[in-house]
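Trainee: Once you've had a glance at the structure underneath, I'll fire off some questions.
There are 2 protein chains.
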Amino acid sequence: MTSSRDEARPQFTSVTPVRAYESVVAQIEDAVFTGQLVPGDRLPSERDLMAQFGVSRGTVREALRVLESGGLIRSRPGDPGGATVQANSSARLAKALTTFVKLGQIGVGELIEFRMVVEGSAVRLAAELHDEAALGAMEEAFARMEEAAGVSYEAFSAADVAFHLAVASCSSNSLFSACSEFARDTVLALTTENLKESGDPSERIQETLRRHGAYLQAIRDRDGRTAEALARQDLVDYYGPHLSPDERARIRLLLLPVG
Amino acid sequence: MTSSRDEARPQFTSVTPVRAYESVVAQIEDAVFTGQLVPGDRLPSERDLMAQFGVSRGTVREALRVLESGGLIRSRPGDPGGATVQANSSARLAKALTTFVKLGQIGVGELIEFRMVVEGSAVRLAAELHDEAALGAMEEAFARMEEAAGVSYEAFSAADVAFHLAVASCSSNSLFSACSEFARDTVLALTTENLKESGDPSERIQETLRRHGAYLQAIRDRDGRTAEALARQDLVDYYGPHLSPDERARIRLLLLPVG
DNA sequence: TAGGTGTACTGGTAGGACCAGTGTGCTAGA
DNA sequence: TCTAGCACACTGGTCCTACCAGTACACCTA
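This is the structure:
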């Protein structure tokens, strides 16, 4: 008799208790994902939200903190109308990657490898796909670098970052942009002190200019393969001397043939 | 006179108010990042933390929610000793990427591009650097795929993922492994329904086996360039038919010459 | 000794209170 | 009439207290 009932026996699945604030987060996230809330829109105030969701203010606030840490909203006291829905979300991706790096004890070598691959691909796509406007933006960023070269090392560094950013955004793949931005920031944070005290700064600057100029030329020529090869080579030459022989050998494996 | 004081004038910089919970988050994050807290360790209870930090319980809870949403800790009621420090995982990365996708900042095409580049490089490094044990692991993962091919599509998929994981981990760059893992997860989540209803499953399985076998052979030969080229080609052939002509053209730009 | 039960923790949530910013409208003064 | 300044209403930031619901562990009983 029991066996005849077996087929009809309901299949229960394990449940995980859902905390109130998680429901709140999910509902607001959903509203953003589905476009009911677009960047610039304002959420109701915390006191309104607690009425709408039927929860206490503490619960609402926990939800808002989670959303804020995810970069979805931003709240500021005194702002009429409550928290603001934010536009960018690459910040969250970058933060997640940074956490990963810090937890995983990832070394500079691995980060350089990552940069070679991601920035290289971004350069390649930028070379193949850029239009007039995009090329103009890259040319201008490069010009800024040349200007800043005479000012200070810091100014040049900033212009350098801006140039990489311009190139990456021309790849029209925001994942590449976000990842190369994160990797560059992290590498810089790890190596600034080492690089500064090594070699003649102005020589470094000239060398960097020359290299970047070279692959900008390849971009102009729409020669993606060459541009990528040069970009990767650039990183190897720039950071290689500061790595262990082991790491140096590894990153060399990722070089591409030129021409 | 004022001009003589100008040089001594202190340079004030803009300040951003730091909220109490942010300090709490920062301190706990720091403890985890510096290794004072390792996965499995327990934080003090919320009531203890509020005493240690000198803030209210609400503030402590907001901080813990942020940390929890970041995947750094996990808390459960009744657990003696408070929240548990979590092991590093790519789960948070996948979530951040999913958010990125859902916000419409990125499409499947861009994800495929990212996978081509990252997985390709992982395969290349695996080919160049693997030792006996690593090769054994990859061979075994491939054998599992062959076994699972006769069982079910789901089993095969799982074995497929495991194979990619084995290869990625042989690149000995955890950034590559993690990135290819979360990118693959996200792509699968976005495309599973589309791929299932297209073509003969068993034919897809055989095709996948053949391709993977091909670049496993290149790995055996320590031919990193070929292995990477094949891995990238694999992705183009596998996903290309399901992309728009535009996206298809883009991902083709990232192909590498074979041989 | 084995089992059940009670207790002392844990986090989850509610509600109230106060402070400190911020924007706006109104008012008093020019 | 116009404007400068102030008061107010609103925002989030923080604190406090209280209670509920799980969990683990020790104790107590059969």
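Protein chains in written order, with my numbering: chain U, 254 to 512; chain C, 254 to 512.
Beta carbons: idealized from backbone N, C-alpha and C, even for Gly.
1) Along the alpha helix (DSSP H) that carries Arg377(U), what are the first and last residues, could you check?
2) What is the rounded straight-line gap between the Cα of Val420(C) and the Cα of Val376(C)?
3) Which of the three DSSP states is assigned to Arg318(C) in this structure?
4) Closer than 8 Å is the cut-off here; do at least three beta carbon pairs connect the segment 314-329 of chain C with the segment 330-338 of chain U?
5) Please name the residue or residues paired with Arg475(U) in a DSSP beta bridge.
6) Could you check whether the segment 377-389 of chain U touches the segment 472-488 of chain U, counting it as contact only if at least three pairs of C-beta atoms, one from each stretch, sit closer than 8 Å?
7) Please list the terminal residues of the continuous alpha helix (DSSP H) segment that includes His417(C).
8) Going by beta carbon distance, what residues of the same chain come within less than 7 Å of Ala480(C), once the five residues before and after it are set aside?
9) So which residues on chain U does Glu392(C) lean against when the C-beta distance must stay under 8 Å?
10) From Ala408(U) to Glu399(U), what does the alpha carbon distance come to, in whole angstroms?
11) Taking 7 Å as the threshold (C-beta atoms), are Val313(U) and Met303(U) in contact?
12) Is the segment 278-288 of chain C touching the segment 495-509 of chain U in the sense that three or more CB pairs, one from each, lie closer than 8 Å?
13) Could you check which residue in Gly403(C), Pro330(C) and Glu460(C) has the C-alpha nearest to that of Thr269(U)?
14) Taking only three categories from DSSP, how would you classify Arg329(U)?
15) Do you know how far the Cα of Ala412(C) is from the Cα of Ala401(C)?
16) Could you check whether Phe416(C) and Ala394(C) sit closer than 7 Å to each other, using their CB atoms as the reference points?
17) Considering only the alpha carbon of each residue, which of Gln358(C), Val308(C), Leu317(C) and Ser424(C) lies closest to Arg295(C)?
18) Is the segment 360-367 of chain C close to the segment 450-465 of chain C, with three or more CB pairs under 8 Å?
19) So Tyr406(U) packs on Pro454(U), CB below 8 Å; how close in whole Å?
20) Which same chain residues, not among the five before or five after Ala344(U), have their C-beta less than 7 Å away from its C-beta?
21) If contacts are defined as beta-carbon pairs under 8 Å, then Ala279(U) and Leu346(C) qualify, I think. What distance do you get, rounded to the angstrom?
22) Can you check which of these residues, Arg300(C), Leu290(C) and Phe306(C), is closest to Ser276(C) by C-alpha distance?
23) Here's the rule: buried if 16 or more other CB atoms are within 10 angstroms of the residue's CB, otherwise exposed. What is Asp499(C)?
24) If you follow the alpha helix (DSSP H) that Val354(C) is in, where does it begin and where does it stop?
25) At a Cβ threshold of 7 Å, is Arg318(C) touching chain U?
26) Pull the bridge partners of Thr337(U) from the DSSP assignment, please.
27) Taking buried to mean at least 16 other C-beta atoms within 10 Å of its own C-beta, is Gly373(C) buried or exposed?
28) Exposed or buried, Val370(U), counting other C-beta atoms within 10 Å across all chains shown (16 or more means buried)?
29) Thinking C-alpha only, which one of Gly311(U), Ala502(U), Gly293(U) and Arg397(U) is nearest Arg300(U)?
30) Can you list, in chain order, the residues of the segment 398-423 of chain C whose Cβ is nearer than 9 Å to any Cβ on chain U?
31) Grab me the residues of Arg397(U)'s own chain with a C-beta within less than 8 Å of its C-beta, minus the 5 sequence neighbours each way, in chain order.
32) Let's see if you can read the secondary structure: which residues bound the alpha helix (DSSP H) around Gly389(C)?
Mentor: Reading off the structure:
1) It spans Val361 to Leu382 - the alpha helix (DSSP H) in which Arg377(U) sits, taken as one unbroken run.
2) Straight-line Cα distance between these residues: approximately 6 Å.
3) Note: Arg318(C) maps to helix in three-state DSSP.
4) In this structure the segment 314-329 of chain C does not lie against the segment 330-338 of chain U, because fewer than three pairs of beta carbons, one per stretch, are closer than 8 Å.
5) According to the DSSP secondary-structure assignment, Arg475(U) is paired through a beta bridge with no residue.
6) Yes, the segment 377-389 of chain U is in contact with the segment 472-488 of chain U.
7) In the DSSP assignment, His417(C) falls within the alpha helix (DSSP H) that extends over Tyr406 to Cys423.
8) Sequence-distant partners of Ala480(C) (beyond 5 residues in either direction) whose C-beta falls short of 7 Å from its own C-beta, in its chain, are Val376, Arg377, Ala380, Tyr468, Ala471 and Ile472.
9) In chain order: nothing, as chain U lies at least about 22 Å away.
10) Cα to Cα, Ala408(U) sits roughly 10 Å from Glu399(U).
11) Contact flag set, yes.
12) Taking 8 Å as the limit for Cβ pairs, the verdict is that the segment 278-288 of chain C does not touch the segment 495-509 of chain U.
13) The option with the nearest alpha carbon to Thr269(U) is Pro330(C).
14) Secondary structure at Arg329(U): coil, using DSSP grouped into helix, strand and coil.
15) Going by C-alpha positions, Ala401(C) is about 7 Å away from Ala412(C).
16) Contact: yes.
17) Out of Gln358(C), Val308(C), Leu317(C) and Ser424(C), Leu317(C) has the C-alpha closest to the C-alpha of Arg295(C).
18) By the C-beta criterion, the segment 360-367 of chain C is judged not to be in contact with the segment 450-465 of chain C, since fewer than 3 inter-stretch pairs fall below 8 Å.
19) Right, their Cβ atoms sit about 5 Å apart.
20) Within the same chain, Ala344(U) has close Cβ partners Gly324.
21) About 20 Å separates the two Cβ atoms, so there is no contact after all.
22) Comparing Cα-Cα distances from Ser276(C) to each of Arg300(C), Leu290(C) and Phe306(C), the minimum goes to Phe306(C).
23) Exposed is the call here.
24) DSSP places Val354(C) inside the alpha helix (DSSP H), whose first and last residues are Ala344 to Lys355.
25) Interface residue, yes.
26) BP columns for Thr337(U) point to Arg295(U) and Arg327(U).
27) Around the beta carbon of Gly373(C), 16 or more other beta carbons sit within 10 angstroms, so the residue counts as buried.
28) Buried.
29) For Arg300(U), the nearest C-alpha among the options comes from Gly311(U).
30) Residues are counted here when their Cβ sits less than 9 Å from a Cβ of chain U; for the segment 398-423 of chain C the count is zero.
31) The residues are Ala412, Ala415 and Phe416.
32) Boundaries of the alpha helix (DSSP H) harbouring Gly389(C): Glu385 to Ala402, taken from the DSSP string.
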